[in-house]
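> Residue numbers (the working numbering): 1415 to 1828. Where is the CB? At the ideal position from N, CA and C, for every residue including glycine. Computed from a predicted structure; not experimentally measured. Structure incoming, see below.
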Ligand SMILES: Cc1ncc(COP(=O)(O)O)c(C=O)c1O
């Protein structure tokens, strides 16, 4: 017998996450990593968060118990307040519109499983977050990709893309997934005009939008732009998700979704067959952190840290990288620079870069595979994602210098 386990068709065709695999290659001394999308560990509010552990003494009998699938009540209360802020939704969602999840990765997974049948098509930005491709792939999705530029998704191309998908597959896409504010990986922010137009098109074709917004509060320059969910007002069309991973710490694994009560109900039932509820212990710690008023001052702190790091990366890229080697847009927030390596293959550049002890994520990781795309295909072989939040400012400068050396070597030996 070949194997004791007869794996499911899904497990047989599953590929490891490209970014998580990269981590194994770049764990060596001297390596400067722009690869992982990790917050700055030096900016974690370690003592302030530790001081919130008093909630265990105070409310331990509740906090150590199983919790409601919808989320721990004091954290839900904090989130209603947080969502009311103008920088978030600008209104207080209804009680049945909110669900706390174990990371926003789980929100994507639950929405995928609540809405998709195998073979259904989801429109995603090209490039997009690979974790979403992974989750939605698990639900059997195929992907139609829409190009992006410095202002985010090229929404004017949407009606033609929807028509192309209908022609090719005989079905209308079921969902539009977007990271409109400081996208992972492109760093781009969808302009207000495009947000409004996206809503008009989605309304006309009756396709819900999943607005994934883990980076929206991390703006360090430019004018704030309202979330698509807040522009949509009463419309149930927009599913909004955000997370504490980038604004507090990913180790807490706490995120939330605001959506139509019917969808929230379906997500709740899905998760009851999955993890029952998000850890009550971490929800209580995060709730205590918010109740003590610590989140807003922490946000101010990390925004200033990330602004400094982003400026350091912009300065070093301008200084060291020849304008004929790469082009990019300077981000106004978030975690990432997205480099177009002109005329170069980023996988090939990546392997040379590893030899020079500098790591980034090659662009192809942010696109669905060719065989799972419906309609016109897109691919990212000339792009590289550089995360500026994890390395310190000296490493950022040194890392950009190393990358510049790699690009020059490559130019000499094509
Ligand atoms: C766009 C996007 N969505 C979701 C996630 C997952 O976040 P979480 O840690 O909340 O699961 C990430 C993490 O990098 C992300 O960049």
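Going by DSSP, which residues form a beta bridge with residue 1563?
DSSP lists 1566 as partners of residue 1563.
> For ligand 1, enumerate in chain order all residues having a CB closer than 6 angstroms to any of its heavy atoms.
This criterion selects 1451, 1517, 1518, 1519, 1543, 1545, 1593, 1598, 1626, 1628, 1657, 1659, 1664 and 1669.
> Are the Cβ atoms of residue 1628 and residue 1589 separated by less than 8 angstroms?
No.
> The beta strand (DSSP E) spanning residue 1725 covers which residue range?
No beta strand (DSSP E) holds residue 1725; the alpha helix (DSSP H) holding it covers 1708-1734.
> So residue 1703 packs on residue 1463, CB below 8 angstroms; how close in whole Å?
Sure, about 6 angstroms apart at Cβ, within 8 angstroms.
> Residue 1497: buried (16+ other C-beta within 10 angstroms of its C-beta) or exposed?
That one is buried.
> Are the beta-carbon atoms of residue 1747 and residue 1632 separated by less than 8 angstroms?
Contact flag set, yes.
> Would residue 1770 pass as a contact of residue 1799 if the rule is Cβ separation under 8 angstroms?
In this structure, residue 1799 does not lie closer than 8 angstroms to residue 1770 by Cβ.
> If we call anything under 8 angstroms between Cβ atoms a contact, is residue 1660 one with residue 1749?
Yes, the Cβ-Cβ distance between residue 1660 and residue 1749 is below 8 angstroms.
> What separation, rounded to the nearest whole angstrom, lies between the Cα atoms of residue 1728 and residue 1568?
Taking the straight line joining both Cα atoms gives about 25 angstroms.
> Under the criterion of a Cβ to heavy atom distance below 7 angstroms, does residue 1758 qualify as lining ligand 3?
With respect to small molecules bound, the structure shown includes ligand 1 and not ligand 3.
> Leaving out five residues before and five after residue 1503 in sequence, what residues of the same chain have Cβ atoms less than 8 angstroms from its Cβ?
Excluding positions up to five away in sequence, the list reads 1497, 1641, 1643, 1644, 1654 and 1672.
> With the cut-off set at 8 angstroms, would you say residue 1723 and residue 1807 are in Cβ contact?
Contact flag set, yes.
> If you follow the alpha helix (DSSP H) that residue 1768 is in, where does it begin and where does it stop?
Per DSSP, residue 1768 belongs to the alpha helix (DSSP H) from 1760-1769.
> Comparing C-alpha positions only, which one of 1434, 1630, 1570 and 1492 sits nearest to residue 1607?
Of the candidates 1434, 1630, 1570 and 1492, the one whose C-alpha sits nearest the C-alpha of residue 1607 is 1570.
> What span of residues does the alpha helix (DSSP H) with residue 1462 cover, start to end?
From DSSP, the alpha helix (DSSP H) with residue 1462 extends over 1460-1465.
> Just curious, the beta strand (DSSP E) that residue 1638 is in, first and last residue?
No beta strand (DSSP E) holds residue 1638; DSSP gives it neither H nor E.
> For residue 1579 and residue 1535, what's the separation of their Cα atoms in angstroms?
Cα to Cα, the separation comes out at about 8 angstroms.
> Should residue 1448 be labelled buried (16 or more other beta-carbon atoms within 10 Å of its own) or exposed?
It is buried - the Cβ of residue 1448 has at least 16 other Cβ atoms within 10 Å.
> Within a Cβ cutoff of 8 angstroms, which residues of the same chain sit near residue 1705, ignoring the five residues on either side of it in sequence?
Closer than 8 angstroms at the Cβ level, and outside the excluded window around residue 1705, lie 1488 and 1492.
> Does the Cβ of residue 1501 have 16 or more other Cβ atoms within 10 Å, making it buried, or fewer, making it exposed?
Exposed.
> Return the residue from the list 1713, 1700 and 1730 that minimises the CA-CA distance to residue 1517.
Ranking the options by Cα distance to residue 1517, first place goes to 1700.
> Under DSSP, the alpha helix (DSSP H) around residue 1619 begins and ends at which residues?
Taken as a continuous stretch (DSSP letters only), the alpha helix (DSSP H) holding residue 1619 covers 1606-1619.
> Compute the Euclidean distance between the alpha carbons of residue 1834 and residue 1669, then round it to the nearest angstrom.
In the structure as shown, the chain begins at 1415 and stops at 1828. Residue 1834 is therefore absent and cannot be evaluated.
> Which value, in whole angstroms, describes the spacing of the CA atoms of residue 1614 and residue 1666?
So the two alpha carbons sit approximately 36 angstroms from each other.
> Please classify residue 1783: does DSSP put it in a helix, a strand, or coil?
Here residue 1783 sits in coil by DSSP.
> In the DSSP assignment, what are the bridge partners of residue 1773?
For residue 1773, which the question treats as bridged, DSSP gives the partners 1447.
> As a quick exercise: from 1474, 1805, 1775 and 1782, pick the residue whose alpha carbon is nearest that of residue 1435.
If we check each option's Cα against that of residue 1435, 1775 comes out closest.
> So for residue 1469, helix, strand or coil by DSSP?
Three-state result, residue 1469: helix.
> Can you round the beta-carbon distance between residue 1818 and residue 1734 to whole angstroms, since I take them to be within the 8 angstroms contact cut?
That belief holds up - the Cβ atoms of residue 1818 and residue 1734 are roughly 4 angstroms apart, short of 8 angstroms.
> DSSP state of residue 1515, grouped into three classes?
Reduced to three states, the DSSP call for residue 1515 is strand.
> Report the option in 1820, 1811, 1813 and 1791 whose CA atom is closest to the CA atom of residue 1541.
Considering only alpha carbons, the answer is 1791.
> What are the residues that DSSP puts in a beta bridge with residue 1671?
According to DSSP, which records beta bridges pairwise, residue 1671 is partnered with 1513 and 1655.
> Is DSSP giving residue 1741 helix, strand or coil here?
Residue 1741 falls in the strand class under three-state DSSP.
> Determine whether the beta carbon atoms of residue 1557 and residue 1782 lie at a separation below 8 angstroms.
Cβ distance < 8 angstroms, so residue 1557 and residue 1782 count as in contact.
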